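Asker: Residues in the sequence shown are numbered from 1085 upward in steps of one, following the working numbering.
Here a beta-carbon is modelled for each residue, glycine too, at the ideal position from N, C-alpha and C.
Everything numeric in this text was worked out from a predicted model, so none of it was measured.
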Amino acid sequence: MKAKATASGQGLTLDVSLLGHDYKVTCKEGEEAELREAVALLESRMRDIRDSGVTILMVDHDMELVLNLCDVIHVLDFGRIIASGPPDAIRSDPAVAAAYLGTMPATAEVEVG
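1) Around the Cβ of Leu1126, are there at least 16 other Cβ atoms within 10 angstroms (buried) or fewer (exposed)?
2) Can you check the region 1110-1197 for any alpha helix (DSSP H) of at least 4 residues that lies completely inside it and give the ranges in chain order?
3) Exposed or buried, which one is Val1156 when buried takes at least 16 other CB atoms within 10 Å?
4) Suppose you measure from the CA of Asp1144 to the CA of Lys1112; what does that come to, to the nearest Å?
5) Measuring straight from C-alpha to C-alpha, what distance separates Met1147 and Ser1136?
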(Lines of atoms letter the chains of each structure in order from A and count residues from 1; the text may use other names and numbers.)
(Lines give C-alpha, C1' and ligand atoms only; values in the text may rest on other atoms or scores of the structure.)
Protein backbone atom coordinates (compact mmCIF):
# COMPACT_ATOMS: atom_id res chain seq x y z
CA MET A 1 0.00 0.00 0.00
CA LYS A 2 1.16 3.49 -0.80
CA ALA A 3 -0.67 6.60 0.36
CA LYS A 4 -0.11 10.30 -0.14
CA ALA A 5 -2.08 13.27 1.13
CA THR A 6 -1.55 16.64 -0.55
CA ALA A 7 -2.90 19.92 0.80
CA SER A 8 -3.37 22.93 -1.44
CA GLY A 9 -5.41 26.09 -1.57
CA GLN A 10 -8.13 23.99 -3.20
CA GLY A 11 -8.39 21.49 -0.35
CA LEU A 12 -6.90 18.06 0.33
CA THR A 13 -6.24 15.16 -2.04
CA LEU A 14 -5.76 11.61 -0.77
CA ASP A 15 -4.09 9.14 -3.17
CA VAL A 16 -3.95 5.52 -2.07
CA SER A 17 -2.66 2.46 -3.90
CA LEU A 18 -3.65 -0.76 -2.16
CA LEU A 19 -2.91 -4.17 -3.67
CA GLY A 20 -3.14 -2.93 -7.24
CA HIS A 21 -6.19 -0.74 -6.75
CA ASP A 22 -5.82 3.03 -6.90
CA TYR A 23 -8.12 5.35 -4.97
CA LYS A 24 -8.13 9.13 -5.25
CA VAL A 25 -10.31 11.45 -3.24
CA THR A 26 -10.24 15.23 -3.48
CA CYS A 27 -11.82 17.13 -0.64
CA LYS A 28 -12.47 20.84 -0.98
CA GLU A 29 -12.47 23.05 2.08
CA GLY A 30 -15.66 22.47 4.03
CA GLU A 31 -16.10 18.93 2.63
CA GLU A 32 -14.14 17.07 5.30
CA ALA A 33 -16.95 14.50 5.56
CA GLU A 34 -15.95 13.16 2.12
CA LEU A 35 -12.39 12.64 3.30
CA ARG A 36 -13.61 10.85 6.45
CA GLU A 37 -15.71 8.58 4.20
CA ALA A 38 -12.64 7.80 2.08
CA VAL A 39 -10.63 6.93 5.20
CA ALA A 40 -13.49 4.67 6.36
CA LEU A 41 -13.42 2.90 2.97
CA LEU A 42 -9.65 2.50 3.23
CA GLU A 43 -10.03 1.12 6.77
CA SER A 44 -12.63 -1.37 5.56
CA ARG A 45 -10.39 -2.60 2.71
CA MET A 46 -7.38 -2.88 5.02
CA ARG A 47 -9.47 -4.78 7.59
CA ASP A 48 -10.54 -7.27 4.86
CA ILE A 49 -6.90 -7.76 3.88
CA ARG A 50 -5.81 -8.20 7.50
CA ASP A 51 -8.65 -10.63 8.21
CA SER A 52 -7.57 -12.74 5.22
CA GLY A 53 -4.31 -13.45 7.05
CA VAL A 54 -2.04 -10.82 5.49
CA THR A 55 0.16 -8.87 7.90
CA ILE A 56 0.11 -5.11 7.41
CA LEU A 57 2.82 -2.74 8.56
CA MET A 58 1.22 0.64 8.96
CA VAL A 59 2.87 3.98 9.68
CA ASP A 60 0.24 6.65 10.24
CA HIS A 61 -0.68 9.57 12.45
CA ASP A 62 -4.45 9.05 12.20
CA MET A 63 -4.79 7.63 15.70
CA GLU A 64 -8.47 6.75 15.26
CA LEU A 65 -7.61 4.65 12.19
CA VAL A 66 -4.61 3.01 13.87
CA LEU A 67 -6.47 2.22 17.10
CA ASN A 68 -9.45 0.77 15.20
CA LEU A 69 -7.43 -1.34 12.77
CA CYS A 70 -4.29 -2.59 14.48
CA ASP A 71 -3.98 -5.53 16.88
CA VAL A 72 -0.54 -4.45 18.13
CA ILE A 73 0.74 -0.88 18.09
CA HIS A 74 4.25 0.48 18.62
CA VAL A 75 4.26 4.20 19.41
CA LEU A 76 7.33 6.28 18.64
CA ASP A 77 8.24 9.69 19.95
CA PHE A 78 11.19 11.28 18.16
CA GLY A 79 12.30 7.83 16.90
CA ARG A 80 12.16 6.12 20.31
CA ILE A 81 9.54 3.48 21.19
CA ILE A 82 7.55 4.80 24.15
CA ALA A 83 4.75 2.20 24.21
CA SER A 84 3.85 -1.15 22.68
CA GLY A 85 0.73 -3.22 23.02
CA PRO A 86 -2.91 -3.64 22.06
CA PRO A 87 -5.10 -0.60 21.33
CA ASP A 88 -6.66 -0.48 24.82
CA ALA A 89 -3.21 -0.31 26.45
CA ILE A 90 -2.10 2.41 24.02
CA ARG A 91 -5.27 4.47 24.64
CA SER A 92 -4.59 4.56 28.38
CA ASP A 93 -0.79 4.92 28.29
CA PRO A 94 0.30 8.17 29.99
CA ALA A 95 3.49 8.42 27.90
CA VAL A 96 1.42 8.30 24.68
CA ALA A 97 -1.00 10.92 26.00
CA ALA A 98 1.88 13.20 26.99
CA ALA A 99 3.66 12.80 23.64
CA TYR A 100 0.63 13.20 21.39
CA LEU A 101 -1.88 15.20 23.40
CA GLY A 102 0.31 17.15 25.79
CA THR A 103 0.25 16.68 29.53
CA MET A 104 -2.94 17.27 31.44
CA PRO A 105 -3.36 18.21 35.09
CA ALA A 106 -4.23 15.39 37.49
CA THR A 107 -7.60 17.00 38.21
CA ALA A 108 -9.62 19.42 36.19
CA GLU A 109 -12.79 21.31 36.96
CA VAL A 110 -15.47 21.38 34.30
CA GLU A 111 -18.29 23.86 34.47
CA VAL A 112 -21.55 22.73 32.90
CA GLY A 113 -24.47 24.99 32.27
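Answerer: Working from what's here:
1) buried
2) 1116-1135, 1147-1153, 1171-1175 and 1178-1185
3) exposed
4) 22 Å
5) 23 Å
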